[in-house]
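Numbering (the working numbering), first residue to last: 11 to 461.
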(Lines of atoms letter the chains of each structure in order from A and count residues from 1; the text may use other names and numbers.)
(Lines give C-alpha, C1' and ligand atoms only; values in the text may rest on other atoms or scores of the structure.)
Protein backbone atom coordinates (compact mmCIF):
# COMPACT_ATOMS: atom_id res chain seq x y z
CA UNK A 1 0.00 0.00 0.00
CA UNK A 2 1.16 3.51 -0.84
CA UNK A 3 0.19 6.39 1.46
CA UNK A 4 1.15 10.07 1.50
CA UNK A 5 -0.14 13.01 3.54
CA UNK A 6 0.32 16.46 1.98
CA UNK A 7 0.09 19.54 4.22
CA UNK A 8 -0.74 22.98 2.86
CA UNK A 9 0.88 25.35 5.33
CA UNK A 10 -1.05 28.38 6.47
CA UNK A 11 -4.41 26.75 5.80
CA UNK A 12 -3.69 23.78 8.07
CA UNK A 13 -5.15 21.69 5.25
CA UNK A 14 -4.34 18.03 4.75
CA UNK A 15 -4.87 16.12 1.54
CA UNK A 16 -3.98 12.49 1.05
CA UNK A 17 -2.85 9.98 -1.55
CA UNK A 18 -3.52 6.30 -1.05
CA UNK A 19 -3.11 3.43 -3.46
CA UNK A 20 -2.08 -0.08 -4.26
CA UNK A 21 -0.58 -1.73 -7.31
CA UNK A 22 -0.41 1.02 -9.91
CA UNK A 23 -3.56 2.89 -8.85
CA UNK A 24 -3.85 5.96 -6.64
CA UNK A 25 -6.72 7.89 -5.07
CA UNK A 26 -6.39 11.53 -3.97
CA UNK A 27 -8.61 12.83 -1.17
CA UNK A 28 -9.50 16.56 -1.02
CA UNK A 29 -6.73 17.85 -3.34
CA UNK A 30 -5.54 21.44 -2.95
CA UNK A 31 -5.76 23.90 -5.84
CA UNK A 32 -2.15 23.61 -7.03
CA UNK A 33 -2.19 19.99 -8.06
CA UNK A 34 1.22 19.41 -9.61
CA UNK A 35 2.49 17.89 -6.36
CA UNK A 36 0.13 14.90 -6.75
CA UNK A 37 1.16 14.33 -10.35
CA UNK A 38 4.85 14.50 -9.47
CA UNK A 39 4.43 11.99 -6.64
CA UNK A 40 2.44 9.62 -8.85
CA UNK A 41 5.08 9.80 -11.59
CA UNK A 42 7.88 9.23 -9.10
CA UNK A 43 6.12 6.13 -7.74
CA UNK A 44 5.22 4.80 -11.19
CA UNK A 45 1.52 4.94 -10.32
CA UNK A 46 -1.59 6.42 -11.93
CA UNK A 47 -4.13 8.68 -10.24
CA UNK A 48 -7.47 7.07 -11.08
CA UNK A 49 -9.76 8.40 -8.34
CA UNK A 50 -10.41 11.78 -6.69
CA UNK A 51 -12.61 11.84 -3.58
CA UNK A 52 -14.10 14.98 -2.06
CA UNK A 53 -15.35 14.73 1.50
CA UNK A 54 -17.49 17.88 1.18
CA UNK A 55 -17.71 21.28 -0.44
CA UNK A 56 -14.79 23.01 1.23
CA UNK A 57 -15.22 26.56 2.51
CA UNK A 58 -11.68 27.67 3.29
CA UNK A 59 -9.74 26.87 0.13
CA UNK A 60 -10.29 26.24 -3.57
CA UNK A 61 -10.16 22.53 -4.30
CA UNK A 62 -8.11 21.24 -7.24
CA UNK A 63 -10.26 18.32 -8.33
CA UNK A 64 -11.17 19.59 -11.81
CA UNK A 65 -7.61 20.49 -12.84
CA UNK A 66 -6.23 17.25 -11.41
CA UNK A 67 -8.89 15.23 -13.24
CA UNK A 68 -8.19 17.01 -16.53
CA UNK A 69 -4.48 16.27 -16.23
CA UNK A 70 -4.84 12.62 -15.17
CA UNK A 71 -8.27 11.48 -16.47
CA UNK A 72 -9.13 10.46 -12.90
CA UNK A 73 -12.78 10.17 -11.90
CA UNK A 74 -14.04 12.69 -9.34
CA UNK A 75 -16.60 11.51 -6.78
CA UNK A 76 -18.97 14.00 -5.10
CA UNK A 77 -21.50 13.35 -2.36
CA UNK A 78 -24.93 12.42 -3.68
CA UNK A 79 -26.55 13.49 -0.41
CA UNK A 80 -26.72 17.26 -1.04
CA UNK A 81 -27.65 19.01 -4.27
CA UNK A 82 -25.37 22.05 -4.50
CA UNK A 83 -25.36 22.34 -8.28
CA UNK A 84 -21.97 20.80 -8.99
CA UNK A 85 -20.87 21.13 -12.61
CA UNK A 86 -18.45 18.23 -12.28
CA UNK A 87 -18.03 14.82 -10.67
CA UNK A 88 -19.92 11.56 -10.33
CA UNK A 89 -22.27 11.01 -7.40
CA UNK A 90 -21.25 8.65 -4.63
CA UNK A 91 -23.72 7.31 -2.07
CA UNK A 92 -23.50 6.05 1.49
CA UNK A 93 -22.21 2.48 1.39
CA UNK A 94 -20.74 2.66 -2.11
CA UNK A 95 -17.38 0.94 -2.46
CA UNK A 96 -14.44 1.61 -4.77
CA UNK A 97 -11.52 -0.72 -5.44
CA UNK A 98 -7.94 0.56 -5.61
CA UNK A 99 -5.71 -2.49 -6.10
CA UNK A 100 -6.21 -4.65 -3.01
CA UNK A 101 -7.83 -1.75 -1.11
CA UNK A 102 -11.55 -1.16 -0.71
CA UNK A 103 -12.72 2.38 -0.02
CA UNK A 104 -16.21 2.60 1.46
CA UNK A 105 -18.18 5.86 1.40
CA UNK A 106 -19.87 6.81 4.69
CA UNK A 107 -22.39 9.66 4.79
CA UNK A 108 -21.41 11.75 7.84
CA UNK A 109 -23.50 14.95 7.81
CA UNK A 110 -23.15 17.72 10.36
CA UNK A 111 -20.41 20.01 9.11
CA UNK A 112 -22.34 19.98 5.83
CA UNK A 113 -25.44 18.06 4.84
CA UNK A 114 -23.67 16.03 2.20
CA UNK A 115 -20.42 15.39 4.07
CA UNK A 116 -18.76 12.05 3.33
CA UNK A 117 -16.06 10.09 5.13
CA UNK A 118 -14.14 7.29 3.45
CA UNK A 119 -13.09 4.12 5.29
CA UNK A 120 -10.28 2.02 3.85
CA UNK A 121 -10.17 -1.77 4.12
CA UNK A 122 -7.13 -3.91 3.24
CA UNK A 123 -7.09 -7.23 1.40
CA UNK A 124 -10.79 -7.95 1.84
CA UNK A 125 -10.65 -7.71 5.64
CA UNK A 126 -13.88 -6.88 7.45
CA UNK A 127 -12.38 -4.24 9.76
CA UNK A 128 -11.29 -0.85 8.51
CA UNK A 129 -7.66 0.23 8.70
CA UNK A 130 -8.18 3.99 8.50
CA UNK A 131 -10.85 6.57 7.72
CA UNK A 132 -10.63 9.93 5.97
CA UNK A 133 -12.96 12.10 8.03
CA UNK A 134 -12.79 15.42 6.18
CA UNK A 135 -14.23 18.11 8.46
CA UNK A 136 -16.29 15.72 10.57
CA UNK A 137 -13.73 14.61 13.17
CA UNK A 138 -10.43 16.37 13.93
CA UNK A 139 -7.67 15.88 16.47
CA UNK A 140 -9.29 17.10 19.67
CA UNK A 141 -12.12 18.89 17.89
CA UNK A 142 -14.99 18.53 15.41
CA UNK A 143 -16.10 20.43 12.32
CA UNK A 144 -18.16 23.55 12.88
CA UNK A 145 -21.91 23.16 12.34
CA UNK A 146 -23.03 26.77 11.77
CA UNK A 147 -22.79 27.13 7.98
CA UNK A 148 -26.55 26.71 7.49
CA UNK A 149 -27.50 29.54 9.83
CA UNK A 150 -28.66 29.78 13.39
CA UNK A 151 -32.08 28.39 12.48
CA UNK A 152 -30.45 25.07 11.51
CA UNK A 153 -27.74 25.00 14.16
CA UNK A 154 -29.42 22.48 16.47
CA UNK A 155 -30.25 20.19 13.56
CA UNK A 156 -26.74 20.24 12.10
CA UNK A 157 -25.07 19.79 15.48
CA UNK A 158 -27.28 16.80 16.22
CA UNK A 159 -26.40 15.31 12.84
CA UNK A 160 -22.71 15.70 13.60
CA UNK A 161 -23.12 13.84 16.88
CA UNK A 162 -24.98 11.04 15.09
CA UNK A 163 -22.27 10.82 12.43
CA UNK A 164 -19.48 10.42 14.95
CA UNK A 165 -21.26 8.12 17.38
CA UNK A 166 -23.33 6.03 14.98
CA UNK A 167 -21.12 6.01 11.86
CA UNK A 168 -17.48 6.43 12.94
CA UNK A 169 -17.36 4.79 16.37
CA UNK A 170 -18.55 1.41 15.01
CA UNK A 171 -15.55 1.25 12.67
CA UNK A 172 -13.45 0.36 15.73
CA UNK A 173 -11.22 2.15 18.21
CA UNK A 174 -8.10 0.95 16.38
CA UNK A 175 -8.95 2.86 13.19
CA UNK A 176 -6.67 5.76 12.26
CA UNK A 177 -8.45 9.09 11.75
CA UNK A 178 -7.20 11.24 8.87
CA UNK A 179 -8.97 14.63 8.86
CA UNK A 180 -8.83 17.41 6.26
CA UNK A 181 -7.46 19.96 8.72
CA UNK A 182 -5.03 20.35 11.59
CA UNK A 183 -4.13 22.95 14.22
CA UNK A 184 -5.08 26.50 13.20
CA UNK A 185 -7.91 25.70 10.80
CA UNK A 186 -10.91 28.04 10.57
CA UNK A 187 -13.15 24.98 10.19
CA UNK A 188 -12.59 23.99 13.82
CA UNK A 189 -12.38 26.03 17.00
CA UNK A 190 -9.53 24.30 18.80
CA UNK A 191 -7.97 21.57 16.68
CA UNK A 192 -5.06 20.06 18.60
CA UNK A 193 -1.52 20.04 17.27
CA UNK A 194 -1.00 16.29 16.91
CA UNK A 195 0.15 14.41 13.80
CA UNK A 196 -1.95 11.27 14.31
CA UNK A 197 -5.00 10.03 16.12
CA UNK A 198 -7.46 7.14 16.24
CA UNK A 199 -11.17 6.75 16.82
CA UNK A 200 -10.46 5.27 20.24
CA UNK A 201 -8.26 8.16 21.29
CA UNK A 202 -10.78 10.77 20.16
CA UNK A 203 -13.60 8.90 21.86
CA UNK A 204 -11.65 8.93 25.11
CA UNK A 205 -10.00 12.36 25.02
CA UNK A 206 -11.61 14.69 22.47
CA UNK A 207 -12.99 17.45 24.74
CA UNK A 208 -16.09 17.95 22.58
CA UNK A 209 -17.06 14.30 22.84
CA UNK A 210 -16.96 14.07 26.63
CA UNK A 211 -20.73 14.32 26.99
CA UNK A 212 -23.41 12.09 28.47
CA UNK A 213 -26.04 12.58 25.76
CA UNK A 214 -26.85 13.92 22.31
CA UNK A 215 -28.68 16.88 23.81
CA UNK A 216 -25.75 17.78 26.02
CA UNK A 217 -23.52 17.72 22.94
CA UNK A 218 -25.87 20.05 21.06
CA UNK A 219 -25.92 22.50 23.95
CA UNK A 220 -22.15 22.35 24.41
CA UNK A 221 -20.95 22.38 20.81
CA UNK A 222 -23.63 24.16 18.82
CA UNK A 223 -22.74 27.83 18.40
CA UNK A 224 -22.38 30.42 15.68
CA UNK A 225 -18.82 31.34 14.81
CA UNK A 226 -17.01 33.93 12.75
CA UNK A 227 -17.30 33.14 9.05
CA UNK A 228 -14.40 34.58 7.05
CA UNK A 229 -15.57 36.81 4.21
CA UNK A 230 -13.82 34.84 1.46
CA UNK A 231 -15.66 31.60 2.30
CA UNK A 232 -18.49 32.65 0.00
CA UNK A 233 -16.07 32.80 -2.95
CA UNK A 234 -14.74 29.35 -2.06
CA UNK A 235 -18.28 27.99 -2.02
CA UNK A 236 -18.75 29.07 -5.63
CA UNK A 237 -15.27 27.94 -6.75
CA UNK A 238 -15.84 24.50 -5.27
CA UNK A 239 -19.10 23.90 -7.10
CA UNK A 240 -18.74 25.81 -10.37
CA UNK A 241 -14.97 25.46 -10.74
CA UNK A 242 -12.16 28.03 -10.71
CA UNK A 243 -9.38 29.04 -13.14
CA UNK A 244 -6.51 26.58 -13.25
CA UNK A 245 -3.23 27.55 -11.58
CA UNK A 246 -0.86 26.30 -14.31
CA UNK A 247 2.03 26.30 -11.82
CA UNK A 248 4.38 29.14 -12.82
CA UNK A 249 7.97 28.89 -11.60
CA UNK A 250 8.50 32.65 -11.24
CA UNK A 251 6.63 35.97 -11.04
CA UNK A 252 7.51 39.20 -12.84
CA UNK A 253 9.06 42.19 -11.08
CA UNK A 254 6.84 45.28 -10.96
CA UNK A 255 7.74 48.94 -10.74
CA UNK A 256 6.03 51.42 -8.46
CA UNK A 257 4.50 52.94 -11.60
CA UNK A 258 2.92 49.55 -12.35
CA UNK A 259 1.49 49.43 -8.85
CA UNK A 260 0.01 52.91 -8.97
CA UNK A 261 -1.27 52.79 -12.55
CA UNK A 262 -2.95 49.41 -12.21
CA UNK A 263 -4.44 49.81 -8.73
CA UNK A 264 -2.51 46.88 -7.30
CA UNK A 265 -2.73 46.14 -3.58
CA UNK A 266 0.59 45.47 -1.84
CA UNK A 267 1.12 42.64 0.63
CA UNK A 268 4.28 43.34 2.66
CA UNK A 269 5.52 40.08 4.20
CA UNK A 270 8.85 41.28 5.53
CA UNK A 271 9.63 40.86 9.22
CA UNK A 272 7.41 42.82 11.56
CA UNK A 273 10.38 44.86 12.77
CA UNK A 274 11.27 45.84 9.20
CA UNK A 275 7.70 46.96 8.56
CA UNK A 276 7.73 49.07 11.74
CA UNK A 277 10.97 50.66 10.57
CA UNK A 278 9.34 51.95 7.40
CA UNK A 279 6.92 50.83 4.72
CA UNK A 280 5.21 52.04 1.57
CA UNK A 281 1.94 53.86 2.38
CA UNK A 282 -1.07 51.69 1.64
CA UNK A 283 0.76 48.38 2.00
CA UNK A 284 -0.72 45.72 4.28
CA UNK A 285 1.56 43.83 6.65
CA UNK A 286 1.02 40.09 6.90
CA UNK A 287 3.41 37.57 8.37
CA UNK A 288 3.97 34.49 6.24
CA UNK A 289 2.48 32.29 8.98
CA UNK A 290 -0.74 34.35 9.10
CA UNK A 291 -1.10 35.09 5.40
CA UNK A 292 -3.58 32.34 4.53
CA UNK A 293 -5.67 33.09 7.60
CA UNK A 294 -6.14 36.83 7.21
CA UNK A 295 -5.25 38.05 3.70
CA UNK A 296 -8.61 37.19 2.17
CA UNK A 297 -10.46 38.60 5.17
CA UNK A 298 -8.88 42.04 4.83
CA UNK A 299 -8.58 42.31 1.04
CA UNK A 300 -11.22 41.24 -1.48
CA UNK A 301 -9.89 38.27 -3.44
CA UNK A 302 -10.87 39.89 -6.76
CA UNK A 303 -8.27 42.62 -6.13
CA UNK A 304 -5.01 42.57 -8.14
CA UNK A 305 -2.15 42.06 -5.67
CA UNK A 306 1.64 42.06 -5.50
CA UNK A 307 4.17 41.13 -2.84
CA UNK A 308 7.08 42.72 -1.05
CA UNK A 309 9.27 39.90 0.26
CA UNK A 310 12.43 40.13 2.38
CA UNK A 311 15.63 40.40 0.34
CA UNK A 312 13.70 39.54 -2.84
CA UNK A 313 13.39 35.95 -1.59
CA UNK A 314 12.07 34.06 -4.64
CA UNK A 315 11.36 30.83 -2.77
CA UNK A 316 9.17 32.70 -0.31
CA UNK A 317 7.54 34.61 -3.14
CA UNK A 318 6.42 31.45 -4.93
CA UNK A 319 5.23 29.91 -1.68
CA UNK A 320 3.09 32.99 -1.09
CA UNK A 321 1.84 32.93 -4.66
CA UNK A 322 0.39 29.45 -4.20
CA UNK A 323 -0.96 30.36 -0.77
CA UNK A 324 -2.80 33.28 -2.36
CA UNK A 325 -4.20 31.20 -5.22
CA UNK A 326 -5.50 28.55 -2.80
CA UNK A 327 -7.70 31.12 -1.05
CA UNK A 328 -9.02 32.70 -4.23
CA UNK A 329 -6.62 35.47 -5.28
CA UNK A 330 -6.61 34.96 -9.04
CA UNK A 331 -4.82 38.21 -9.92
CA UNK A 332 -1.39 37.81 -8.29
CA UNK A 333 0.62 40.00 -10.66
CA UNK A 334 4.16 39.89 -9.30
CA UNK A 335 6.49 41.39 -6.74
CA UNK A 336 8.23 44.70 -6.09
CA UNK A 337 12.02 44.25 -5.98
CA UNK A 338 13.99 46.48 -3.61
CA UNK A 339 10.68 48.15 -2.89
CA UNK A 340 11.54 50.51 -0.06
CA UNK A 341 14.85 51.67 -1.56
CA UNK A 342 13.27 52.42 -4.92
CA UNK A 343 10.36 54.17 -3.27
CA UNK A 344 12.62 56.44 -1.22
CA UNK A 345 15.02 57.04 -4.13
CA UNK A 346 12.14 58.73 -5.89
CA UNK A 347 11.74 61.05 -2.88
CA UNK A 348 8.48 59.41 -1.80
CA UNK A 349 7.57 59.48 1.91
CA UNK A 350 7.52 56.29 3.95
CA UNK A 351 5.18 55.53 6.82
CA UNK A 352 5.86 54.02 10.23
CA UNK A 353 3.58 52.42 12.77
CA UNK A 354 3.53 53.47 16.40
CA UNK A 355 4.11 51.05 19.27
CA UNK A 356 3.96 51.16 23.06
CA UNK A 357 5.52 48.79 25.58
CA UNK A 358 3.34 46.82 27.93
CA UNK A 359 4.84 48.74 30.87
CA UNK A 360 3.91 52.14 29.46
CA UNK A 361 0.45 51.02 28.41
CA UNK A 362 -0.35 49.86 31.94
CA UNK A 363 0.75 53.27 33.26
CA UNK A 364 -1.71 55.17 31.05
CA UNK A 365 -4.57 56.94 32.75
CA UNK A 366 -6.59 58.47 29.95
CA UNK A 367 -9.73 57.82 27.91
CA UNK A 368 -7.96 55.85 25.19
CA UNK A 369 -9.58 52.77 23.64
CA UNK A 370 -8.21 49.25 23.65
CA UNK A 371 -8.99 47.40 20.41
CA UNK A 372 -8.75 43.69 21.19
CA UNK A 373 -8.60 41.77 17.89
CA UNK A 374 -8.66 38.31 19.44
CA UNK A 375 -11.72 36.08 19.23
CA UNK A 376 -14.06 36.39 22.24
CA UNK A 377 -13.26 32.89 23.47
CA UNK A 378 -9.60 33.87 23.84
CA UNK A 379 -10.31 36.84 26.10
CA UNK A 380 -10.66 36.94 29.87
CA UNK A 381 -12.39 39.28 32.30
CA UNK A 382 -9.08 39.29 34.17
CA UNK A 383 -7.10 40.76 31.26
CA UNK A 384 -5.29 43.91 32.48
CA UNK A 385 -7.05 46.25 30.03
CA UNK A 386 -9.68 48.99 30.11
CA UNK A 387 -12.12 50.58 27.67
CA UNK A 388 -11.95 47.44 25.55
CA UNK A 389 -13.64 47.14 22.17
CA UNK A 390 -13.53 43.62 20.76
CA UNK A 391 -13.39 43.25 16.98
CA UNK A 392 -11.79 40.00 15.85
CA UNK A 393 -9.23 40.56 13.10
CA UNK A 394 -11.34 38.41 10.75
CA UNK A 395 -14.13 41.00 11.01
CA UNK A 396 -12.12 44.21 11.08
CA UNK A 397 -12.77 44.86 7.38
CA UNK A 398 -16.45 45.59 8.11
CA UNK A 399 -16.41 46.60 11.78
CA UNK A 400 -13.60 49.17 11.85
CA UNK A 401 -16.16 51.94 11.18
CA UNK A 402 -17.38 51.48 14.77
CA UNK A 403 -14.08 52.73 16.21
CA UNK A 404 -14.12 56.18 17.79
CA UNK A 405 -12.29 58.77 15.72
CA UNK A 406 -11.47 61.19 18.52
CA UNK A 407 -9.58 58.84 20.86
CA UNK A 408 -6.22 57.07 20.82
CA UNK A 409 -6.59 53.42 19.79
CA UNK A 410 -4.25 50.79 21.20
CA UNK A 411 -4.33 47.37 19.55
CA UNK A 412 -3.97 44.07 21.38
CA UNK A 413 -3.56 40.49 20.19
CA UNK A 414 -1.79 37.46 21.64
CA UNK A 415 1.80 38.42 20.85
CA UNK A 416 1.87 41.45 18.55
CA UNK A 417 1.97 39.99 15.02
CA UNK A 418 -1.74 40.26 14.28
CA UNK A 419 -1.88 43.70 15.92
CA UNK A 420 0.65 44.87 13.36
CA UNK A 421 -1.59 43.59 10.58
CA UNK A 422 -4.58 45.35 12.15
CA UNK A 423 -2.66 48.62 12.53
CA UNK A 424 -1.54 48.51 8.90
CA UNK A 425 -5.13 47.87 7.79
CA UNK A 426 -6.44 50.78 9.87
CA UNK A 427 -3.72 53.05 8.46
CA UNK A 428 -5.00 52.27 4.96
CA UNK A 429 -8.40 53.47 6.16
CA UNK A 430 -6.86 56.65 7.53
CA UNK A 431 -7.07 55.60 11.19
CA UNK A 432 -3.99 55.97 13.37
CA UNK A 433 -3.41 53.31 16.02
CA UNK A 434 -0.71 52.10 18.40
CA UNK A 435 0.43 48.49 18.72
CA UNK A 436 1.00 47.08 22.22
CA UNK A 437 4.34 45.30 21.96
CA UNK A 438 4.22 41.64 22.95
CA UNK A 439 0.41 41.55 23.14
CA UNK A 440 -1.53 40.04 26.02
CA UNK A 441 1.43 37.86 26.96
CA UNK A 442 3.52 40.94 27.72
CA UNK A 443 0.66 42.69 29.54
CA UNK A 444 0.07 39.68 31.77
CA UNK A 445 3.77 39.32 32.49
CA UNK A 446 4.12 42.97 33.51
CA UNK A 447 0.87 42.97 35.49
CA UNK A 448 1.98 39.83 37.33
CA UNK A 449 5.32 41.41 38.28
CA UNK A 450 3.56 44.60 39.38
CA UNK A 451 1.16 42.63 41.56
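Quick reminder that beta carbons are idealized off the backbone N, C-alpha and C, glycines included. What you are looking at is a predicted structure, and each value in this text was computed from that prediction instead of being measured.
- Taking C-alpha positions only, residue 222 is separated from residue 382 by approximately 36 Å.
- DSSP lists 115 and 142 as the beta-bridge partner residues of residue 128.
- When secondary structure is reduced to three states using DSSP, residue 122 falls in the coil class, being assigned neither helix nor strand.
- Proximity of the region 158-169 to the region 204-215 falls short of the contact definition, fewer than three beta-carbon pairs being nearer than 8 Å.
- With contacts defined as CB atoms closer than 8 Å, residue 180 and residue 144 fail to qualify as a contacting pair.
- Per DSSP, the beta-bridge partners of residue 278 are 295 and 318.
- Three or more beta-carbon pairs drawn from the region 301-318 and the region 397-407 are found closer than 8 Å, and the two stretches are therefore classed as touching.
- Following the DSSP letters along the chain, one finds residue 243 inside the alpha helix (DSSP H) bounded by residues 241-250.
- Between the C-alpha atoms of residue 252 and residue 70 there is a straight-line separation of about 8 Å.
- DSSP lists 59 as the bridge partner or partners of residue 83.
- The C-beta distance from residue 344 to residue 262 rounds to 4 Å, short enough to fall under 8 Å.
- Residue 15 carries a strand assignment under DSSP once its states are collapsed to helix, strand and coil.
- Cβ neighbours of residue 104 within its own chain (closer than 6 Å, five residues either side excluded): 115.
- Minimum Cα-Cα distance from residue 93 among the listed residues 322, 260 and 65 corresponds to 65.
- Considering only 453, 325, 358 and 387, the residue with the shortest C-alpha distance to residue 288 is 358.
- A direct Cα-to-Cα measurement between residue 448 and residue 430 gives close to 11 Å.
- In the assembly as shown, residue 348 is an exposed residue. Its beta-carbon has fewer than 16 other beta-carbons within 10 Å.
- A distance below 6 Å between beta-carbons, with the five flanking residues on each side excluded, links residue 13 to the following residues of its chain, in chain order: 28.
- In the DSSP assignment, residue 444 falls within the unbroken beta strand (DSSP E) covering 444-446.
- Going by DSSP, residue 35 is part of the beta strand (DSSP E) stretching over 33-37.
- Classified as buried, residue 380 has 16 or more neighbouring CB atoms from the shown chains inside 10 Å of its CB.
- Residue 202 and residue 149 have their C-alpha atoms spaced approximately 5 Å apart.
- Here the alpha carbon of residue 255 sits roughly 39 Å from the alpha carbon of residue 137.
- By the C-beta criterion, the region 52-61 is judged to be in contact with the region 71-78, since at least 3 inter-stretch pairs fall below 8 Å.
- For residue 99, the three-state secondary structure derived from DSSP is strand.
- Annotated as distal: residue 271 and residue 293, with beta-carbon spacing of 8 Å or more.
- Rounded to the nearest angstrom, the gap between the Cα atoms of residue 437 and residue 118 is 45 Å.
- In the DSSP assignment, residue 107 falls outside any alpha helix (DSSP H) and within the unbroken beta strand (DSSP E) covering 105-108.
- A residue is called buried when at least 16 other Cβ atoms come within 10 angstroms of its Cβ; residue 191 meets this threshold and is buried.
- Per DSSP, residue 430 lies in no beta strand (DSSP E) segment; the continuous alpha helix (DSSP H) that holds it begins and ends at 427-438.
- Between residue 193 and residue 37, the gap from beta carbon to beta carbon reaches 8 Å or more.
- Annotated three-state conformation of residue 24 is strand, per DSSP.
- It is roughly 15 Å from the alpha-carbon of residue 31 to the alpha-carbon of residue 49.
- With a threshold of 16 other beta carbon atoms within 10 Å, residue 215 falls short and is exposed.
- In the DSSP assignment, residue 364 is bridged to 444.
- In summary, residue 177 is buried, with 16 or more beta-carbon neighbours lying within 10 Å of its beta-carbon over all protein chains present.
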